[in-house]
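What follows is a set of notes on a single structure, which appears directly below.
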Amino acid sequence: MFKKLLSDTIIYGLTTILMRLINYLLVPIHTKVFDVEDFGILSLFYSYAVVFNVVYTYGMETTYFRFATKHKDKKEKVFSQILSSVIITSLIFSGILWASTPYISEYLNYENSSSFVKIFATLFAVDAILAIPFASLRVEGKAKRFAALKIIEVFLTVGLNYLFLVTFHDLYQTAEAGSFLTKFYDPSFGLGYSFVANLISKSIILVLLSDKLLKVKLQWSWKAMKPYYKYGFPLLFSGLAFAVNEVFDRILIPILLPDDFYSYGNAEYALGVYSACYKLSIFVTFTVQAYKYAAEPFFFNQAESKESPRVFAKVMYYFVIVLMLMVVGVTANLNWLASIFIRNKEYLIGLPVVPILLMANIFLGMYYNLSVWFKVTDNTNYGAMISFVGAAITLSLNFLLIPLLGFYGSAVATFICYFTMMLLAYLLGNKYYPIPYNVKMISFYLILGGAFLVLFFQLPKQDFWPQLITQNVLFIVFSLIIVIIERNFFIKILGNRKK
Numbered sequence: 001m002f003k004k005l006l007s008d009t010i011i012y013g014l015t016t017i018l019m020r021l022i023n024y025l026l027v028p029i030h031t032k033v034f035d036v037e038d039f040g041i042l043s044l045f046y047s048y049a050v051v052f053n054v055v056y057t058y059g060m061e062t063t064y065f066r067f068a069t070k071h072k073d074k075k076e077k078v079f080s081q082i083l084s085s086v087i088i089t090s091l092i093f094s095g096i097l098w099a100s101t102p103y104i105s106e107y108l109n110y111e112n113s114s115s116f117v118k119i120f121a122t123l124f125a126v127d128a129i130l131a132i133p134f135a136s137l138r139v140e141g142k143a144k145r146f147a148a149l150k151i152i153e154v155f156l157t158v159g160l161n162y163l164f165l166v167t168f169h170d171l172y173q174t175a176e177a178g179s180f181l182t183k184f185y186d187p188s189f190g191l192g193y194s195f196v197a198n199l200i201s202k203s204i205i206l207v208l209l210s211d212k213l214l215k216v217k218l219q220w221s222w223k224a225m226k227p228y229y230k231y232g233f234p235l236l237f238s239g240l241a242f243a244v245n246e247v248f249d250r251i252l253i254p255i256l257l258p259d260d261f262y263s264y265g266n267a268e269y270a271l272g273v274y275s276a277c278y279k280l281s282i283f284v285t286f287t288v289q290a291y292k293y294a295a296e297p298f299f300f301n302q303a304e305s306k307e308s309p310r311v312f313a314k315v316m317y318y319f320v321i322v323l324m325l326m327v328v329g330v331t332a333n334l335n336w337l338a339s340i341f342i343r344n345k346e347y348l349i350g351l352p353v354v355p356i357l358l359m360a361n362i363f364l365g366m367y368y369n370l371s372v373w374f375k376v377t378d379n380t381n382y383g384a385m386i387s388f389v390g391a392a393i394t395l396s397l398n399f400l401l402i403p404l405l406g407f408y409g410s411a412v413a414t415f416i417c418y419f420t421m422m423l424l425a426y427l428l429g430n431k432y433y434p435i436p437y438n439v440k441m442i443s444f445y446l447i448l449g450g451a452f453l454v455l456f457f458q459l460p461k462q463d464f465w466p467q468l469i470t471q472n473v474l475f476i477v478f479s480l481i482i483v484i485i486e487r488n489f490f491i492k493i494l495g496n497r498k499k
């Protein structure tokens with residue numbers, strides 16, 4: 001059981017890393033082809049996509065997990081009903097966007113913006129429809145097929161971007177007038193080809209999932225869908241609140257930070273430093289995201305078992321240990337890791353925010369674990385409430401702390417936000433769905449790990465190698481403390497391997 005969770009987490013983890021690498025693989029292509037303004041527009045459209053993806057799926061992905069595992073004998077019917085609803089609403093939403101294109105493009109006031117809006121309206125629909133078949137693969141435990149399709153999407157997206165933006169662009173320069181290429185390729189369409197590449201890649205994945213889509217019998221009735229909407233709509237608001245938690249710190253820094261706050265640069269410069277260092281938290285973010293992919297269907301499949309509270313508690317316990325080891329290990333090696341991922345030394349002045357963000361992501365991961373209670377008891381309205389509290393904390397603390405602490409204020413706001421959400425989920429869960437978490441030992445490991453993080457930054461400044469060795473010796477000490485305390489677990493694992 002736990003081996004399945006671990007193997008799926010590894011598969012989803014590698015897939016998640018590869019999917020995120022799209023952003024890094026596309027940056028050299030996009031920065032070569034587009035000027036700074038166009039690159040900003042590209043980023044802006046994909047920022048909107050985060051919000052629209054939440055709206056288009058309106059919690060139906062998690063809703064499918066819940067009802068497909070709760071009514072296993074009606075899994076196909078649940079799949080058809082939920083996917084039918086998503087297809088219908090996606091067509092309605094995208095139809096509204098298409099009809100509103102003149103007004104939206106006038107507001108955006110970018111060249112080709114009307115075409116971009118139509119492409120994205122279609123892209124949102126395709127992406128939303130894809131979400132349910134992918135959820136089905138996760139429920140069925142088909143992690144390898146899930147991963148294969150996501151990897152295909154990665155290569156298609158990068159390959160098509162290169163084809164449209166580099167290969168065709170270069171060939172166009174030497175093509176004869178009236179040739180096939182000059183008839184269908186327009187260099188002035190620019191970044192629109194990046195959007196088209198994304199749409200084509202997702203459409204191909206849709207075709208590759210046709211075996212699932214063709215099983216669907218389009219159907220919709222309020223009576224049938226009401227339980228799904230009741231469960232899923234609070235998750236829509238949770239998703240929107242999470243979007244605030246994820247991106248609003250970077251939106252507010254250039255607005256709230258005085259230009260003379262830092263001696264080395266203005267507010268935009270500070271935002272660049274913070275954003276670059278924020279990316280170093282990906283080591284834990286990837287793990288949390290991969291774990292979420294694997295754990296959600298696992299939790300729902302275990303929900304009806306009498307042993308489920310004990311299982312959930314055990315999963316949480318070892319989840320915290322693994323993440324705490326990662327956070328202390330990453331922080332011990334932060335200087336050389338940063339030199340690999342952030343080539344410009346000017347950004348390194350923001351490194352002290354990284355441990356704060358890493359710890360914040362541990363709390364977020366713990367929240368995902370703790371959220372199992374309101375998902376398996378159909379009380380998703382509590383999830384929405386907790387998320388809104390988190391969003392309120394994010395906004396209020398950023399407004400309060402950015403003028404006082406600079407981008408450190410944003411990091412602290414993220415830390416407090418996710419800690420509060422985690423605490424609320426635990427307290428409410430303890431009331432409505434008690435799970436015997438080992439609070440004493442989990443708290444001990446969090447405090448012990450936090451103490452080591454503080455110690456790393458209190459050490460006297462040394463040359464690169466002495467500092468690296470010192471910090472890694474401390475990391476080994478931290479690891480040995482855990483091994484000694486958890487020796488029975490490790491002896492059991494080693495014993496099973498010998499068998």
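full-length UniProt numbering numbers the first residue of the sequence shown as 1 and each following residue consecutively.
C-beta: ideal position from N, C-alpha, C; glycine also.
**Asked** What are the partner residues of Y262, as DSSP defines its beta bridges?
**Response** Here residue 262 corresponds to residue number 262 of the sequence shown, with the count starting at 1. Residue pairing of Y262 in beta bridges, as defined by DSSP: G265.
**Message:** Would S100 and A128 be called neighbours here (beta carbons separated by less than 8 Å)?
**Reply:** The residue labelled residue 100 in the question sits at position 100 within the sequence shown. The residue labelled residue 128 in the question sits at position 128 within the sequence shown. No, Cβ-Cβ distance for S100 and A128 is not below 8 Å.
**Asked** Which value, in whole angstroms, describes the spacing of the CA atoms of K202 and F283?
**Response** Taking the sequence shown and counting its residues from 1, the one referred to as residue 202 is at position 202. Taking the sequence shown and counting its residues from 1, the one referred to as residue 283 is at position 283. CA-CA distance, K202 to F283, rounds to 27 Å.
**Item:** Beta-carbon proximity of F419 to F363, cut-off 8 Å
**Value:** Here the question's residue 419 lines up with position 419 in the sequence shown. Here the question's residue 363 lines up with position 363 in the sequence shown. For F419 and F363, yes; Cβs fall inside 8 Å.
**Prompt:** When you compare only the Cα positions, how much space is there between V36 and N245?
**Reply:** Counting from 1 along the sequence shown, the entry for residue 36 is found at position 36. Counting from 1 along the sequence shown, the entry for residue 245 is found at position 245. At V36 the pLDDT is 48, less than 50, meaning the model places this residue with poor confidence; the figure from the coordinates comes in the next sentence. About 26 Å.
**Prompt:** So T57 packs on V86, CB below 8 Å; how close in whole Å?
**Reply:** Locating residue 57 in the sequence shown gives position 57, where the first residue counts as 1. Locating residue 86 in the sequence shown gives position 86, where the first residue counts as 1. About 7 Å separates the beta carbon of T57 from that of V86, a gap short enough to meet the 8 Å contact definition.
**Item:** Three-state class that DSSP yields for L108 in the structure shown
**Value:** Looking up residue 108 in the sequence shown gives position 108. Helix at L108.
**Asked** Under the three-state reduction of DSSP, which class applies to P460: helix, strand or coil?
**Response** As a first step, residue 460 must be located in the sequence shown, where it is residue number 460. It is coil, neither helix nor strand.
**Counted within 10 angstroms of its Cβ, other Cβ atoms place D170 as buried (16 or more) or exposed** = On the sequence shown, position 170 is the one that residue 170 refers to. Exposed, since its Cβ has fewer than 16 Cβ neighbours within 10 Å.
**Message:** Buried or exposed, going by whether 16 or more other CB atoms sit within 10 Å of the CB of L427?
**Reply:** Taking the sequence shown and counting its residues from 1, one reaches residue 427 at position 427. That one is exposed.
**Item:** Cβ distance (whole Å) where V327 is taken to contact M359 below 8 Å
**Value:** The residue labelled residue 327 in the question sits at position 327 within the sequence shown. The residue labelled residue 359 in the question sits at position 359 within the sequence shown. Rounded to the nearest angstrom, the Cβ distance from V327 to M359 is 6 Å, consistent with a contact under 8 Å.
**Prompt:** Can you give, in chain order, each stretch of the alpha helix (DSSP H) that sits fully within the region 332-359 and has at least 4 residues?
**Reply:** The qualifying runs are 334-341.
**Message:** Classify S188: buried if its beta carbon has 16 or more other beta carbons within 10 angstroms, exposed otherwise.
**Reply:** On the sequence shown, residue 188 is found 188 positions in, with the first residue counted as 1. The C-beta of S188 has fewer than 16 other C-beta atoms within 10 Å across all chains shown, which makes the residue exposed.
**Asked** If we call anything under 8 Å between Cβ atoms a contact, is N216 one with S84?
**Response** Position 216 of the sequence shown, counted from the first residue, corresponds to residue 216. Position 84 of the sequence shown, counted from the first residue, corresponds to residue 84. A quick correction: the sequence has Val, not Asn, at residue 216. Yes, they are a contact pair.
**Request:** Have a look at F490 and V483 and give me their C-alpha separation to the nearest angstrom.
**Result:** The residue labelled residue 490 in the question sits at position 490 within the sequence shown. The residue labelled residue 483 in the question sits at position 483 within the sequence shown. The alpha-carbon atoms of F490 and V483 are separated by roughly 7 Å.
**Asked** Which residue from Q289, F52, K345, L218 puts its Cα closest to that of Y264?
**Response** Locating residue 264 in the sequence shown gives position 264, counting from the first residue. The option with the nearest alpha carbon to Y264 is K345.
**Message:** For S396, count the other beta carbons within 10 Å of its own beta carbon; 16 or more makes it buried, fewer makes it exposed. Which is it?
**Reply:** In the sequence shown, counting from the first residue as 1, residue 396 sits at position 396. Looking at its Cβ environment, which holds fewer than 16 other Cβ atoms inside 10 Å, S396 is exposed.
**Prompt:** Straight-line CA distance for K375 to Y228?
**Reply:** On the sequence shown, position 375 is the one that residue 375 refers to. On the sequence shown, position 228 is the one that residue 228 refers to. So the alpha carbons of these two residues sit roughly 12 Å apart.
**Where the alpha helix (DSSP H) containing Q289 begins and where it ends** = Your numbering for residue 289 matches position 289 in the sequence shown. Where Q289 is concerned, the enclosing alpha helix (DSSP H) stretches over 282-302.
**Request:** Consult DSSP for V36 and reduce its assignment to one of helix, strand or coil.
**Result:** On the sequence shown, position 36 is the one that residue 36 refers to. Because the pLDDT of V36 is 48, which lies under 50, any placement of that residue in the model is unreliable, and the question is left without a value.
**Prompt:** What span of residues does the alpha helix (DSSP H) with T62 cover, start to end?
**Reply:** The residue labelled residue 62 in the question sits at position 62 within the sequence shown. Per DSSP, the unbroken alpha helix (DSSP H) holding T62 starts and ends at 60-70.
**Message:** I need the boundaries of the alpha helix (DSSP H) containing E153, first residue and last residue.
**Reply:** Position 153 of the sequence shown, counting from 1, holds the residue named residue 153. If you look at E153, you'll find it in the alpha helix (DSSP H) that goes 143-162.
**Item:** Proximity to V78 [Cα-Cα], best of S136, D211, F457
**Value:** Indexing the sequence shown from 1 puts residue 78 at position 78. Closest by alpha carbon: S136.
**Asked** Exposed or buried, what is residue 500 when buried is set at 16 or more other beta-carbons lying within 10 Å of its beta-carbon?
**Response** One cannot answer for residue 500 here, as it falls past the ends of the chain, which runs 1 to 499.
**Prompt:** If you pair each beta-carbon of the region 109-127 with each one of the region 67-81, do three or more pairs fall below 8 Å?
**Reply:** Counting Cβ pairs under 8 Å, fewer than three are found: no touch.
**Request:** Compute the Euclidean distance between the alpha carbons of F456 and L370, then round it to the nearest angstrom.
**Result:** The residue you call residue 456 lines up with position 456 of the sequence shown. The residue you call residue 370 lines up with position 370 of the sequence shown. Rounded to whole angstroms, F456 to L370 spans 30 Å at the Cα level.
**Message:** Would the region 148-160 count as touching the region 230-238 if we require 3 or more Cβ pairs under 8 Å?
**Reply:** As far as the Cβ criterion goes, the region 148-160 does not touch the region 230-238, which means the pair count is below three.
**Asked** Taking the alpha-carbon positions, what's the A313 to I442 distance?
**Response** For the purposes of this step, residue 313 is taken as the residue at position 313 of the sequence shown. For the purposes of this step, residue 442 is taken as the residue at position 442 of the sequence shown. Distance between the alpha carbons of A313 and I442: 11 Å.
**Request:** Specify the secondary structure class of E176 as computed by DSSP and reduced to three states.
**Result:** Taking the sequence shown and counting its residues from 1, the one referred to as residue 176 is at position 176. Three-state DSSP puts E176 in coil, outside helix and strand.
**Request:** Count the other C-beta atoms from every protein chain shown that fall within 10 angstroms of the C-beta of F155, then say buried if there are 16 or more, exposed otherwise.
**Result:** Reading the sequence shown from its first residue, position 155 is the one you call residue 155. Using a 10 angstroms sphere on the CB of F155, the tally of other CB atoms stays under 16, which defines it as exposed.
**Message:** Do L271 and S253 have their beta-carbon atoms positioned less than 8 Å apart in this structure?
**Reply:** Reading the sequence shown from its first residue, position 253 is the one you call residue 253. Reading the sequence shown from its first residue, position 271 is the one you call residue 271. For the sequence presented, residue 253 should be read as Ile rather than Ser. It is a contact, given that the beta carbons lie within the stated cut-off.
**Prompt:** Could you give the distance in angstroms between the alpha-carbon of F93 and the alpha-carbon of V126?
**Reply:** On the sequence shown, residue 93 is found 93 positions in, with the first residue counted as 1. On the sequence shown, residue 126 is found 126 positions in, with the first residue counted as 1. Those two C-alpha atoms are separated by around 12 Å.
**Prompt:** If you follow the alpha helix (DSSP H) that D127 is part of, which residue opens it and which one closes it?
**Reply:** Taking the sequence shown and counting its residues from 1, one reaches residue 127 at position 127. Per DSSP, D127 belongs to the alpha helix (DSSP H) from 113-139.
**Request:** Name the residue from E76, A451, F124, K74 whose alpha carbon lies nearest to the alpha carbon of P355.
**Result:** Locating residue 355 in the sequence shown gives position 355, counting from the first residue. Nearest option by C-alpha distance: A451.
**Prompt:** Which runs of the alpha helix (DSSP H) spanning at least 4 residues fall entirely within the region 404-479, listed in chain order?
**Reply:** The region 404-479 contains these whole alpha helix (DSSP H) runs: 407-432, 439-458.
**Candidates A425, F399, F286, of which the one nearest L257 by Cα** = Counted from its first residue, the sequence shown places residue 257 at position 257. Comparing Cα positions, the closest option is F399.
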